[in-house]
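In my numbering, the protein residues as written are 108 to 708.
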Amino acid sequence: MGSQIRSLLTMCSYLLCFSFIVVNAVNEEKQGPSRSTEKGFVFINKTSFIGKIDDDFVCATLDWWPTQKCDYGRCSWGLASILNLDLENNVLLNALKAFSPLKIRLGGTLQDKVTYGTEDYHYPCTPFVHNTARMFHFTKGCLPMHRWDELNIFFKKAGAKIIFGLNALYGKSVKFGSATGPWNHTNAESFIRYTVKKNYTIHGWELGKYIYASFIKNVKAVSVSGTMRLKLIMLILLRVSLSLSKGRSFFTMIIIRNELNGKKGIGARITADRYASDISTLRHMIEDVYRGIGPKPLVISPGGFFDANWFKKFVTKAGKSVDVITHHIYNLGPGVDEHISKKILDPSYLDGEAKTFNSLKNILKSSGTSATAWVGEAGGAYNSGHHLVSDAFVNSFWLVNSHKYMSVVLYKCFFFNVIIYTQHRYLDQLGMSSTYDTRAYCRQTLVGGNYGLLNSSTFMPNPDYYSALLWHRLMGQRVLAASFSGTKKIRAYAHCAKQPLGITILLLNLGNSTVLAEVSKNFTKPPHGHVKFREEYHLTAKNQNLHSQVMLLNGQILSVNKDGVIPPLKPVHVDPSKPIIVTPLSVVFAHIPDVILPACT
């Protein structure tokens, strides 16, 4: 029976893959290169800015996941954990130095299972151990102080700003998915005191992750075995094949279980009142431990998926105890809407995530708090992302919702199969979030999983690394209102330039036509001896393959040399009277130095 099942599954897998490949080829053909050219205009409000970002807006994360962390049959974490990351690697060091500085948030799903091996911790300080009977399939783990020393020496050398996520469940009673009781801060306080004693600089202390999170929608959990399990798998594969053959977007998650955490969902739930009380405890601890030391680190919370009612209550209750309100984004699971494919072909649908950014902005504004908003973690597709999507050129776009996204998860079953055909838009998320006064955006991850800015094995930069680095160097703190008149396939963003003069425009071409983008001249005021050229940075995929892990800047391959040095990012100089030429499925940063705007002065 076992061999028959395996044979049937193999056959179904082949049929599914064949169906996907055929549909994929048809879609690629429909969306293939076009020689058509369109014209349009970029308009920028010159009088005032609409938002502000931190000077070090770009942020990335390091996670706790051990090597044994696997998703859908692929183990993509390697030696990328906080506990085992190779801190002697020159490429890793140079990648961080290139930002000068880069915010790095240390945390992740397992952070609420981490203890700290200080002298007051009277238990063995052991690493995470894979155990499928435990939540997230790992036991509790411990951070040894000698490793914390090594990390801080490395971060200081790299010039990084560190945000550390603390274990917010320590001492709490967790039953039926809800955590009750006050936070036991003794271990965290001992850890923070050790950090201060060693003169390690921490930019912010964050409390918790996912511990109030709304549950993943459209998840069906069933307990089946034997023949019924096989029939269910066949039914899933048939539905997938039919959906793909009709060009439909499809997403479902089936958990076939032996054991399931049930109502626990992601982590555990804590009420807004209880969380606010815990963050007040952290604030008083920081004030005490850092007495006479300045500047004091930020107090950051709550770190999880956005829920407007919960956030509003938390912000009100927390008051001045919190400096930064963080939320997380994993928005590439678009649900089972029968009309989703029509929505995603409409560019207005790309603004879906804007509702979250705008809602949080309004909550902070109406509450009277001085706290600012960050995206504390964003990886697009959860469960480590997807190889040759999250780590390829296509992810530099990071579409707010997927073009085609289908995920079938068979958990504790006979095989795993995930197919994702999507166009992600990382830069679009950076641009959109900044327009809503989001001050920092932390990418999951710097290294680790399939969504790292750096390759988990070699540390070589993935395409998104260069996108992030150009943003960091070119986009200033003041955000300008920008719009594009013409094709709806162009996404336009603008900031006052990070360099002393001018503005920087970011254009994303989601279509298959070359676009000639004229920049409105009504705000141009050339100063004496003004620069007579525009600096442009054109990002494209090698061989026009959107799933390539090689990025081209102005037609030249970006690669690290034998000494691990990050390549220079040099622009081409263009006559400012000419339109910006945005080729199909490409990204352009255009720095216009000879522009003076009231919004930027």
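The C-beta atom is built at its ideal place from N, Cα and C for all residues, glycine as well.
Buried versus exposed, by CB contacts within 10 Å (16 or more), PRO607: Position 500 of the sequence shown, counting from 1, holds the residue named residue 607. Counting Cβ neighbours within 10 Å, PRO607 comes out exposed, since fewer than 16 surround it.
Local Cβ density within 10 Å of PHE262, reported as buried at 16 or more and exposed below that: Against the sequence shown, residue 262 aligns to sequence position 155. The residue in question, PHE262, is buried, as its Cβ has 16 or more Cβ neighbours within 10 Å.
Check whether ASN294 and GLN218 have beta carbons under 9 Å apart: Your numbering for residue 294 matches position 187 in the sequence shown. Your numbering for residue 218 matches position 111 in the sequence shown. No, these two residues do not count as a Cβ contact at 9 Å.
C-beta atoms of LYS304 and LEU704 nearer than 9 Å: To locate residue 304, count along the sequence shown from 1; it is residue 197. To locate residue 704, count along the sequence shown from 1; it is residue 597. Not a contact, by the Cβ cut-off of 9 Å.
Backbone CA spacing between HIS680 and GLU625 [nearest angstrom]: Sequence index remark: in the sequence shown, residue 680 carries index 573 (1-based). Sequence index remark: in the sequence shown, residue 625 carries index 518 (1-based). Going from the Cα of HIS680 to the Cα of GLU625 covers about 16 Å.
Straight-line gap, ALA478 to SER207 (C-alpha atoms, nearest Å): Within the sequence shown, the letter at position 371 stands for residue 478. Within the sequence shown, the letter at position 100 stands for residue 207. Spanning the two alpha carbons is a distance of roughly 25 Å.
Same chain, Cβ closer than 7 Å to GLN138, five either side skipped, listed in chain order: What you label residue 138 is simply residue 31 of the sequence shown in a count that begins at 1. Since pLDDT at GLN138 reaches only 42, below the 50 mark, its modelled position is unreliable, and the value read off the structure follows with that caveat. For GLN138, where only same-chain residues beyond five positions count, the Cβ hits under 7 Å are ASN619.
Check whether LEU623 and ALA205 have beta carbons under 9 Å apart: As a working mapping, residue 623 is identified with position 516 in the sequence shown. As a working mapping, residue 205 is identified with position 98 in the sequence shown. Contact flag unset, no.
Option nearest SER473 by Cα separation, candidates VAL422, LYS282, LEU200, VAL482: By one-based count along the sequence shown, residue 473 stands at place 366. That would be VAL422, whose Cα lies nearest to the Cα of SER473.
Assigned exposure category for GLU643 - 16 Cβ within 10 Å defines buried: Mapped onto the sequence shown, residue 643 falls at position 536. GLU643 should be labelled buried.
C-beta contact flag for LEU203 and LEU209 at 9 Å: The sequence position of residue 203 within the sequence shown is 96, counting from 1. The sequence position of residue 209 within the sequence shown is 102, counting from 1. Yes, the Cβ-Cβ distance between LEU203 and LEU209 is below 9 Å.
C-beta neighbour in chain D for THR388, strict 9 Å: Among the protein chains of the structure shown there is no chain D, as only one such chain exists.
Beta-carbon proximity of THR476 to VAL429, cut-off 9 Å: By 1-based counting over the sequence shown, the position of residue 476 is 369. By 1-based counting over the sequence shown, the position of residue 429 is 322. Yes, these two residues count as a Cβ contact at 9 Å.
Under 9 Å between C-beta atoms of ILE407 and GLU313: Locating residue 407 in the sequence shown gives position 300, where the first residue counts as 1. Locating residue 313 in the sequence shown gives position 206, where the first residue counts as 1. Their beta carbons are under 9 Å apart, which means ILE407 touches GLU313 by this criterion.
Environment of ILE393 [buried if 16+ CB atoms lie within 10 Å]: Reading the sequence shown from its first residue, position 286 is the one you call residue 393. When all chains shown are included, ILE393 counts as buried.
GLU226 (DSSP reduced to helix, strand or coil): To locate residue 226, count along the sequence shown from 1; it is residue 119. DSSP places GLU226 in coil when its eight states are reduced to three.
Unbroken beta strand (DSSP E) run spanning LEU213, endpoints: For the purposes of this step, residue 213 is taken as residue 106 along the sequence shown, with counting starting at 1. Residues 210-213.
Bridge partners - GLU625, DSSP secondary structure assignment: By one-based count along the sequence shown, residue 625 stands at place 518. For GLU625, which the question treats as bridged, DSSP gives the partners PHE148.
DSSP-derived helix/strand/coil call for SER384: By one-based count along the sequence shown, residue 384 stands at place 277. SER384 falls in the helix class under three-state DSSP.
Simplified DSSP state of ASN274, which is helix, strand or coil: Sequence index remark: in the sequence shown, residue 274 carries index 167 (1-based). Three-state DSSP puts ASN274 in coil, outside helix and strand.
Status (buried if at least 16 other CB within 10 Å, exposed otherwise) for TYR558: As a working mapping, residue 558 is identified with position 451 in the sequence shown. The residue in question, TYR558, is buried, as its Cβ has 16 or more Cβ neighbours within 10 Å.
Bridge partner(s) assigned by DSSP for ASP178: Position 71 of the sequence shown holds residue 178. Answer is ARG181, bridged to ASP178.
Inter-residue Cα distance where the pair is SER666 and GLN656: Residue mapping note: residue 666 aligns to position 559 of the sequence shown, counting from 1. Residue mapping note: residue 656 aligns to position 549 of the sequence shown, counting from 1. Rounded to the nearest angstrom, the two C-alpha atoms are 11 Å apart.
Extent of the continuous alpha helix (DSSP H) to which LYS685 belongs: Here the question's residue 685 lines up with position 578 in the sequence shown. Segment: none, LYS685 is in no alpha helix (DSSP H) and carries neither H nor E.
Within 9 Å, strictly: CB atoms of ALA485 and GLN536: Position 378 of the sequence shown, counting from 1, holds the residue named residue 485. Position 429 of the sequence shown, counting from 1, holds the residue named residue 536. Going by C-beta atoms, ALA485 is nearer than 9 Å to GLN536.
Option in ALA425, ILE610, ARG254 with minimal Cα separation from SER188: Along the sequence shown, read from residue 1 onward, the residue named residue 188 stands at position 81. The candidate whose alpha carbon is nearest that of SER188 is ARG254.
Of the listed residues ASP701, PHE150, CYS166, nearest to LEU560 (C-alpha basis): In the sequence shown, counting from the first residue as 1, residue 560 sits at position 453. Of the candidates ASP701, PHE150, CYS166, the one whose C-alpha sits nearest the C-alpha of LEU560 is CYS166.
Sub-9 Å separation of TYR301 and THR246 beta-carbons: Numbered from its first residue, the sequence shown carries residue 301 at position 194. Numbered from its first residue, the sequence shown carries residue 246 at position 139. No; because the gap between Cβ atoms is not below 9 Å, this pair is not in contact.
Extent of the continuous alpha helix (DSSP H) to which ASN259 belongs: On the sequence shown, residue 259 is found 152 positions in, with the first residue counted as 1. Note, ASN259: alpha helix (DSSP H), 252-265.
Burial state of PRO231, where buried means 16 or more other Cβ atoms lie within 10 Å: By 1-based counting over the sequence shown, the position of residue 231 is 124. Flag for PRO231 reads exposed.
Reference ILE270, options LYS649, ILE211, PRO289, MET252, closest by Cα: Position 163 of the sequence shown, counted from the start, is the residue given in the question as residue 270. Of LYS649, ILE211, PRO289, MET252, the residue nearest in Cα terms is ILE211.
Start-to-end residues for the beta strand (DSSP E) that takes in LYS279: Position 172 of the sequence shown, counted from the first residue, corresponds to residue 279. First-last for LYS279: undefined, no H or E at that position.
Within 9 Å, strictly: CB atoms of ALA383 and ALA425: For this step, residue 383 is matched to residue 276 along the sequence shown. For this step, residue 425 is matched to residue 318 along the sequence shown. Contact flag set, yes.
Where the alpha helix (DSSP H) containing GLN536 begins and where it ends: Here the question's residue 536 lines up with position 429 in the sequence shown. Start and end: 533-542.
PRO607 in three-state terms, based on DSSP: For this step, residue 607 is matched to residue 500 along the sequence shown. Coil, per DSSP.
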